[in-house]
Amino acid sequence: MAEPSSAPSRIRKPGPEHAVAAFFDLDKTIIASSSALAFSKPLLKEGLINRRAALRSAYAQLVFSLAGADENKTERLRAEVSALCAGWDVAQVSAIVRETLHDVVDPLVYAEAAELIARHREDGHDVIVLSATGEEVVAPVAEMLGATRSVATRMQIVDGRYSGEVDFYCYGANKAVAAKQLAATYGYDLAECFAYTDSSTDIPLLEVVGHPHAVNPDKLLRREALDRGWPILAFDRPMSLRTRIPTRSAGMVALGVGAVAAGATWYGLNRRRRSR
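If you want the numbering used here, it's the position in the sequence shown, counting the first as 1, plus 72.
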């Protein structure tokens, strides 16, 4: 039985004819929790969710994390969250996240993930975050981590508010679709590309790259990784982003933090004025 490691099996520099990308999941791969659960306290404080919704969200996320992210559970969560965030004012959400981002996100980033991202960049690889979390949170977090680009769930926004509809759900097989589309656009050789995730729902993504890795995998993914000989990585050192990310101007930081807002709310912790 393969022993978990904190480092990937190998990282190779791309050849002259082929571009290489490293695809990373976000929650429980780069961040040591769900971004949804992390933002429940500030959302509760500002009145976007009530105490009952916060407790329900926390319980749902706990069950989700302990039982594994199977497709049926994740789809139910997606449907509920989409309905509950309908009508949320994007600017209000942005303000909440702008004020709480560093307190919420900084303690959650795995040191091993930050180091691995840096290694891929040093070796000339593009780093891409693929996440079911909303793009408004994923994009700035990816930028702060030094990722090249990101693809995330896109919620429909009408007149500055979430409509409750999803334009693109970056989950499961759709992550593999996104990776293939990016490969076609940027010339990545998928046989030379890397992928890192904790969830068995991302097996389609792992199957399309030449170097798949399971990070702190759920039970099903661990079994699959052992059967297929995929490396299993153990990340267990959450750290502050401030210790890894180059200092930026206050204006750039404020801009990035403001952009984070809406997506953090998409993924969970959500209950809107319907509960009022």
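Using N, Cα and C, we set each Cβ at its ideal position, and we do this for glycine too.
Point to revise | When R295, E296, A286 are compared against T101, the one with the closest alpha-carbon | key: Ranking R295, E296, A286 by Cα distance to T101 puts A286 first.
Point to revise | Inter-residue CB distance, N288 and A263 (contact presumed, cutoff 8 Å) | key: That belief does not hold up - the Cβ atoms of N288 and A263 are roughly 26 Å apart, past 8 Å.
Practice item. Report the option in A297, L298, G301, F96 whose CA atom is closest to the CA atom of I189. Key: Each of A297, L298, G301, F96 was checked against the Cα of I189, and the nearest Cα belongs to F96.
Review point. In whole angstroms, what is the alpha-carbon distance linking V92 and V201?
Key: Cα to Cα, the separation comes out at about 14 Å.
Exercise for review: Assign Y243 to one of three DSSP states: helix, strand, or coil.
Suggested key: Coil at Y243, not helix or strand.
**Study point:** Backbone CA spacing between M324 and P179 [nearest angstrom]
**Key:** Confidence at M324 is low in this model, with a pLDDT of 29, below 50, so its placement is unreliable and the value that follows should be read with caution. Taking the straight line from one Cα to the other gives about 21 Å.
Review point. Name the DSSP beta bridge partners of A93, please?
Key: Bridge pairing for A93: D198 [DSSP].
Exercise for review: Find the nearest neighbour of G259 within the set T205, H197, I103, R191, judged by alpha-carbon distance.
Suggested key: Ranking T205, H197, I103, R191 by Cα distance to G259 puts H197 first.
Check your understanding: Taking just the CA atoms, how far does K247 sit from Y234?
Key -> Straight-line Cα distance between these residues: approximately 23 Å.
Practice item. Can you check DSSP and say which residues form a bridge with V238? Key: In DSSP, V238 forms a bridge with M227.
Review point. So what's A139 in DSSP terms, helix, strand or just coil?
Key: Note that A139 scores a pLDDT of 45, beneath 50, so its modelled location is shaky; the value from the coordinates is reported in the next line. Correct three-state label for A139: helix.
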